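Visitor: With full-length UniProt numbering applied, the sequence shown has no gaps in its numbers, which climb one by one up to 1194 at the end.
Have a look at the structure that comes next, please.
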Amino acid sequence: MSLIYAKKYKGFDEESQKWATEAAEYLNIHGEFNFYDVYDFVAISEAAFDVIKKKIFNDNTSEYVTECPDFKGRTFRYSEVTGQYNERQDMVECAANLLVDERIVLNHSRIVEILNVDEAAFNQFKDYFLNPMENVEIPMEGKDKRIFTSSWDELEPVSGFRNFTEEELEAYRTNFSFDMQDLKLVQAYFQREERDPNVSELKMIDTYWSDHCRHTTFLTEIENVTFEEGLYSEVIEQAYHDYLETREFVYGEHKKPMSLMDLGTINARLSRKKGELDDEDKSDEVNACTVNVVVNVDDIEQDYLLYFKNETHNHPTEIEPFGGASTCIGGGIRDPLSGRSFPYQGLRLTGSKSPLTAYEDTIPGKRSSRQICQVAMEGFSDYANQIGINAGVAKEFYHPGFEAKRLELGAVVAVAAKEDVKREQPVVGDKILLMGGSTGRDGLGAAVGSSKIQTDESLEKAGTDVQKGNPSAERKIIRVFNNPKASRLIKKSNDFGAGGVAVAIGELADGLSIYLDRVPVKYEGMHPGEIALSESQERMAVVIAPEDVEEFLTYCHAEDVQVAVVADVTESRRIEMYYDGEKVIDISREFLDTNGGRKFQDVTVVPTEQSIAQPVEHDLVALLSEVENASQQALIDNFDATIYSGNVLYPLGGKYKLTPQLGMVHKIPVHLFGGLKTDDASVMTYGYDPYLAVKSPYYGGYHAIMNSVLKAVALGVDASTIRLTVQEYFESLKGNPERWGKPLEALLGAYTAMRQVNLPSIGGKDSMSGSFEDIDVPPSVVSFAVGMTQVDRVVSREFKQLGSDILLISLPLLEDGKVDNQRLFDVFKLIHEALLGEQILAISTLSPQGGALDLFEMAAGNHIGFEVNEDALNDLFTENQLGFLIETTNVEFFEGYAQLIGRTAEDVKIGQASYELEQLIATWQAPLNSVYGLMPLVDYVQCQPQQQPQVVESTKRVVIPVLLGASGEYDLRKEFTLRNCEVEEVIIHTSTKEAYDQSLATLVEAIHRSDILAFPNGATLGDEPQMEGKFEELVIRDTRIQEAITDLLGRNGKILGIGSGFKGLILSGLIEHGQVAAQTDIQIAPFPRMKYWGTVLTACGREGTVLEGQRYFAPISSRYGIIRCDEKYITNGQVLSTYDQFIENELAIDAMCDPSGQIIGVNSLIDRYDEDACININKAGRPMIIDVLLKEEQ
């Protein structure tokens, strides 16, 4: 056997240290931990094995051995569930296949060794660590994993199905999510077809009719609605009657059945009927909300499409947190991506029981809340950071109800140049192409599983429900769709989610012939039904006219995207699937579109008996000590908030990066479409509170809409242009009228708020299975408000200066249960004019927890406190108020609308109570620090910037290699283009060794005609094996590339590496030696706790170097961001810059050069600078490292 055991050396083994800390703090297990990766190469020649060992397993931070280590402690070995995606295995196998001429097959597993623990503690940790939905324990001397061959029994007819008695149908139904009515309809259909179905056909119908795919619960027809007595019963009943009147106006004589879906969409129908949605880009491609916007690009107005979409993966994340959360953001990206857009910014909202809940209080059979929170964060962060999505907001809600099932919610904003998007109906003869990843068994049954109520038994059976994603594969699809020549050939597109081929392709046209044997698969042995229903990620289906197929294939191949023609559009109005010429699935479109039997339900609304406006204790320390109100800085800084250069508001504002912002604001990334500059920006905000939703579902919905709109207005959006999308998440309704009353009541609240602000929801998503045994999730309506603003209108939330006035603008509820309409619109106008007139220094809406919390959060970012008048305390310590808090120096501007409640000050005084601000901040940060790990920073050498040097313009030629997993190529290209350079990109192919070799040959030619070779940042090869920059190193060490680099440097050319590109320069020896060398003394270490750290630092050029006097913006987005070397590299001037704050006992290195100064590597992502980005932090100046490279003389 050809085995490699890999283990990080001490000082680099942060994963081991992370788990030792977690075990001690949470499980009270005190031991020493070691993690080993086991790479098992199957049937490999000795020569090939030696090459792979030498070129891949060669870094100076790990020990690699081929014999099983002599373990001193207790051990267990585990691997991914068979057939599940394993990124480390895939990426190492990919690299190996590029190096040798034989086909390499790799199996990867891991060994955990724990020393100094007894057997009970060892078993406790193993139970905690291993999730059977994700991984499985295997023998320490386990054999190679083999993918089994599936039985084709599911393709055989279910004998006698047409003649099953009702009792037989009931017994058979347990294999599916059908109710009895649906199954009888299926039986009747096949009686008409005069044949028995096979199991795969039944599974396909079950998937199509699942609540996940066809919103069965939301489309159930509501018959009788009754209202019981309660505090707000008159308000709710009046809202219901208003809804009925709206239905009369919208539908007239052509009444539609009343349903939750109708209630959720009626305002959009009303707006369309009244001609008020003229900006909506309406088509039958309904994967994302889309509106027309005008963007000023380089002083020319251009038409763009703005897309937005919300997505939940609650059930998958509950049972397999990493995969569920990663595919939440992956699926959220693919929805607008299918519209040929570029997804650029994302928002994450999550709900959990408190992660401080003791391990022993976890429900048997469930994962602990703490573990789900941590691992889900890692999954979402890993995928988002790898694929390249700017994280504008991350917020976690804590409520006991989320013990039933977690809330994992992502929302994405995307954009496209309107002229690049063509929408046409498929016609007979059109071809359907499947592009992207291969198909495996991962995710089979996920749509149906997500629609079921969760029980202890279902947790045991759901192992195959959750798929894991491959972000680098999806990134390549993004690049194809960003090519206008390719996107303009696409008539229609659909992403692969629930239901796989059967649904994604099945929804594209009424008549289809699908050839399952043409679908690329991950491994042999899958039967056609599995291929049809697999929910493997990173796949896209596109409709292309037959005469355009060859051209489209060319664009896919240029980006190294796997693509196959898998279906024809036919006139049959049937979905027919074939395998090796044999028809295996054949279903009528008309029957599928019935969505099963009509469902009917009576509803009883039981309003709350208590007021939503409850006073809270006037104790700021107690308020900040609650986990629900605690600082989430340690969570937020796991996400990349600087990619694409245009994030106007950093998620945490102020000099100390502590104040959470009201929403996310991002300049339209016009550089992705050939432009350079714009002041136009998209805005997305949210509104939601689980405690209010439980107290009153009606006001939970009402306030969700209102708060999202108020936040958007506060960020400079004209209120009349806002568009909404809504996420609903409710308990399983179980046919119970009172349980049905909760979503009806919540949606009536949302409906009322939308009517009041005259803004419709033009999209949404529902999830109706939030129950576990007798626990239910909060009846949740989450609102997202989206609009456009300009950078100069945007004001952040943190206080800006001492001595300012603090104003409160209240929007109280009147007797009719609503905000005064005239006052509301007057305030909207006032805020908009104040922002345009620069009358606001800081602005916040009122949070559901009360304005006192908002004032504190506004104070934290710049350590500027506040003094509040005694008469304002009741307003500030009352829950669920609507309104604004404003810092200003012009009170008169707001006269008649605002109450002066205090002033900014050095510390905090509320009435007669005084507090030290720094102590309050420490209290606020404490609860979640142990859960997510706050990065501890210390001060290093500060530098004072000299005069900012001028940007250098140059006509030099630059070549950027785009490696698998790169995400920084667009930002890097932008920086060189701004300087008038001529930029060429070379895609490095990895699909085959032949393609790889050819792309390296192309890169050699490009280097020979270039002046600068620039490696962008990215999770190349997925940062595997456990190291950034490995793929860059492999490319650089290729003999042909080495020779081209030697020639480049001999011509006085330059090399730049940013982020992972810098790590590749280190690993290859180029930084230390100025040439490729067998080894280097410079080392790359991970951040503490293996944290993926996204932040903005300040770097200072060192005295005597080409960067002397520079103090520059230094964003970090990395897991491996610590550079270690001998201090001689500082003495000899090879360390060009260091951070003014960094982790203790490190050299804090940002930039280094080789001995000649021709090669520069930078740890921070200097290509992300924009004057309008991160305006709410103490941002340093423009990095001038690229300008240093462009100067003719050093």
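Quick reminder that beta carbons are idealized off the backbone N, C-alpha and C, glycines included.
Computed from a prediction, not measured in an experiment: that's the story for all the values here.
Is Leu1048 close to chain D, meaning its C-beta is less than 9 Å from at least one C-beta of that chain?
Guide: No chain D appears in this structure, which consists of one protein chain only.
Visitor: By how many angstroms is the C-alpha of Glu113 removed from the C-alpha of Lys583?
Guide: Cα to Cα, Lys583 sits roughly 52 Å from Glu113.
Visitor: Have a look at Ile775 and Lys353 and give me their C-alpha separation to the nearest angstrom.
Guide: Cα-Cα distance, rounded: 12 Å.
Visitor: To the nearest angstrom, how far is it from the Cα of Asp298 to the Cα of His1008?
Guide: So the alpha carbons of these two residues sit roughly 33 Å apart.
Visitor: Check Asn470 in the structure and name its three-state DSSP category.
Guide: Looking at Asn470 - three-state DSSP - the assignment turns out to be coil, as it is neither helix nor strand.
Visitor: Looking at the structure shown, is Asp456 part of a helix, part of a strand, or coil, going by DSSP?
Guide: Note that Asp456 scores 44 on pLDDT, short of 50, meaning its location in the model is unreliable and no value can be drawn from it.
Visitor: Determine the extent of the beta strand (DSSP E) in which Asn123 is found, giving its start and end residues.
Guide: Run containing Asn123: none in the beta strand (DSSP E); it sits in the alpha helix (DSSP H), 119-129.
Visitor: Sorted by chain position, which residues of the same chain lie with C-beta nearer than 7 Å to Phe122's C-beta, five sequence neighbours on each side aside?
Guide: Cβ neighbours of Phe122 beyond the five flanking positions: Arg74, Ile114.
Visitor: Would you give the residue range spanned by the alpha helix (DSSP H) that Arg195 belongs to?
Guide: Element bounds for Arg195: n/a, residue is neither H nor E.
Visitor: Nearest-angstrom Cα distance between Gln790 and Val65?
Guide: One C-alpha to the other measures close to 57 Å.
Visitor: Across the segment 825-834 and the segment 708-726, are there enough close Cβ pairs to call them in contact, namely three or more that are closer than 8 Å?
Guide: They touch, by the three-pair rule.
Visitor: Could you check which residue in Val665, Val713, Pro607 has the C-alpha nearest to that of Tyr232?
Guide: It is Pro607 whose Cα lies nearest to the Cα of Tyr232.
Visitor: Does DSSP put Cys213 in a helix, in a strand, or in coil?
Guide: Of the three classes helix, strand and coil, the one that applies to Cys213 here is helix, per DSSP.
Visitor: Quick check on DSSP: helix, strand or coil for Arg979?
Guide: Reduced to three states, the DSSP call for Arg979 is coil.
Visitor: Within a Cβ cutoff of 7 Å, which residues of the same chain sit near Ala905, ignoring the five residues on either side of it in sequence?
Guide: Here the set comprises Leu802, Gly865, Phe866, Glu867.
Visitor: Does the segment 543-555 come close enough to the segment 157-176 to have 3 or more Cβ pairs within less than 8 Å?
Guide: As far as the Cβ criterion goes, the segment 543-555 does not touch the segment 157-176, which means the pair count is below three.
Visitor: Tell me which same chain residues have a C-beta within less than 7 Å of the C-beta of Phe227, skipping the five on either side of it?
Guide: So the list reads Ser233, Ile236, Glu237, Val605, once near-sequence residues are dropped.
Visitor: With distances taken between CB atoms, is the gap from Asp1023 to Leu1165 smaller than 9 Å?
Guide: No, the Cβ-Cβ distance between Asp1023 and Leu1165 is not below 9 Å.
Visitor: Go ahead and pull the three-state DSSP assignment for Thr992.
Guide: Coil at Thr992, not helix or strand.
Visitor: Are the beta-carbon atoms belonging to Val1004 and Cys981 less than 9 Å from one another?
Guide: Not closer than 9 Å, so no.
Visitor: List, from N- to C-terminal side, the alpha helix (DSSP H) runs of 4 residues or more that fit wholly inside the segment 906-974.
Guide: Qualifying alpha helix (DSSP H) stretches, in chain order: 917-932.
Visitor: Per DSSP, Ala404 is paired with what?
Guide: Ala404 pairs with nothing; no bridge assigned.
Visitor: Give a yes or no on contact between the segment 246-259 and the segment 217-225, applying the rule of three or more CB pairs nearer than 8 Å.
Guide: Touching, yes, given that three or more Cβ pairs across the two stretches are closer than 8 Å.
Visitor: Determine the DSSP secondary structure at Tyr688, reduced to helix, strand or coil.
Guide: Correct three-state label for Tyr688: coil.
Visitor: For Ala1078, does the count of other Cβ atoms within 10 angstroms reach 16, so buried, or fall short, so exposed?
Guide: Label assigned to Ala1078: exposed.
Visitor: In this structure, what does DSSP give as the bridge partners for Glu113?
Guide: Answer by DSSP bridge pairing, in chain order: Asn34, Thr75.
Visitor: At 3 residues or longer, and completely inside the segment 1092-1116: list those beta strand (DSSP E) runs for me, N to C.
Guide: List check, beta strand (DSSP E) in window: 1093-1101.
Visitor: Drop a sphere of 10 angstroms on the beta-carbon of Ile910, count the other beta-carbons inside from all chains shown, and report buried for 16 or more, exposed for fewer.
Guide: Ile910 is buried by the Cβ-count criterion.
Visitor: What did DSSP end up calling Tyr26 once you bin it into helix, strand or coil?
Guide: Here Tyr26 sits in helix by DSSP.
Visitor: What separation, rounded to the nearest whole angstrom, lies between the Cα atoms of Leu27 and Met377?
Guide: Looking at the two C-alpha atoms, the distance is approximately 20 Å.
Visitor: Look at the Cβ atom of Phe57, then the Cβ atom of Pro1025, and state whether they are nearer than 9 Å.
Guide: Yes.
Visitor: Got a sec? Which residues, its chain only, sit under 7 Å from Ala567 by beta carbon, not counting five neighbours each side?
Guide: Cβ neighbours of Ala567 beyond the five flanking positions: Ile432, Ile505, Leu512, Ser513, Ile514, Tyr515.
Visitor: Within 10 angstroms of its Cβ, does Gly674 collect 16 or more other Cβ (buried), or is it exposed?
Guide: So Gly674 ends up on the exposed side.
Visitor: At a cut of 8 Å, does the segment 409-416 reach the segment 526-536 through at least three beta carbon pairs?
Guide: With the cut-off at 8 Å, the segment 409-416 and the segment 526-536 do not touch.
Visitor: Name the two residues that bound the continuous beta strand (DSSP E) containing Pro343.
Guide: It spans 342-352 - the beta strand (DSSP E) in which Pro343 sits, taken as one unbroken run.
Visitor: Would the beta-carbon of Ala541 fall within 9 Å of that of Met204?
Guide: Not in contact: Ala541 and Met204 (Cβ atoms no closer than 9 Å).
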